[in-house]
Amino acid sequence: MSLTFASPTEGFYRDAAVTQVDVSTTSGSFGILPSHVPTLQVIKPGVLTVYEGSTSTKYFVSSGAVTVNADSTVQILAEEAHPLDRFDVQAANKQLEEAQQELSGASSEADKASASIAVECAEALVKALH
1092 MSLTFASPTE
1102 GFYRDAAVTQ
1112 VDVSTTSGSF
1122 GILPSHVPTL
1132 QVIKPGVLTV
1142 YEGSTSTKYF
1152 VSSGAVTVNA
1162 DSTVQILAEE
1172 AHPLDRFDVQ
1182 AANKQLEEAQ
1192 QELSGASSEA
1202 DKASASIAVE
1212 CAEALVKALH
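Here the sequence shown is numbered in the numbering used here, starting from 1092 and rising by one per residue.
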């Protein structure tokens, strides 16, 4: 299966041969294997795992899109993505705490929406690191 996976700031895979990709979407989590049914899904904040034979690499993805094509090619375009091992648990916990405070103090609907997104991402990151 051929994978292309990138964010605006970093390319992770370009037409790379991989055996499986696990991704969380707004429709639920699923694993992509060769000959997967074609689909287009919206990625939700969480862990994306890429398997290359017996090894795997985990990434935290904030949002984006995943396209699975009939020819077993997969494209993942993430708004933000980083290898999970680049994150610090304490910093993630602090980020979650700050986002929750921002949400509780938000007065306008726009501020509440923005803070809710920040909380959702921070919660997903903390969960991924534990």
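A virtual CB, placed ideally from N, CA and C, is assigned to each residue, including glycine.
**Study point:** CB of LEU1220 within 8 Å of CB of ALA1183, strictly
**Key:** Yes. Within cutoff.
**Study point:** Alpha-carbon to alpha-carbon, TYR1142 and THR1164
**Key:** 15 Å
Review point. Where ALA1108 and ALA1197 are concerned, what is the direct C-alpha to C-alpha distance, given to the nearest angstrom?
Key: So the alpha carbons of these two residues sit roughly 46 Å apart.
Point to revise | Backbone CA spacing between ALA1161 and SER1126 [nearest angstrom] | key: Between ALA1161 and SER1126, the C-alpha separation is close to 7 Å.
Review point. With C-beta atoms as the reference, is GLU1171 less than 8 Å away from SER1115?
Key: Not in contact: GLU1171 and SER1115 (Cβ atoms no closer than 8 Å).
Exercise for review: Along the beta strand (DSSP E) that carries GLY1144, what are the first and last residues, could you check?
Suggested key: That residue, GLY1144, is in no beta strand (DSSP E); it is neither H nor E in DSSP.
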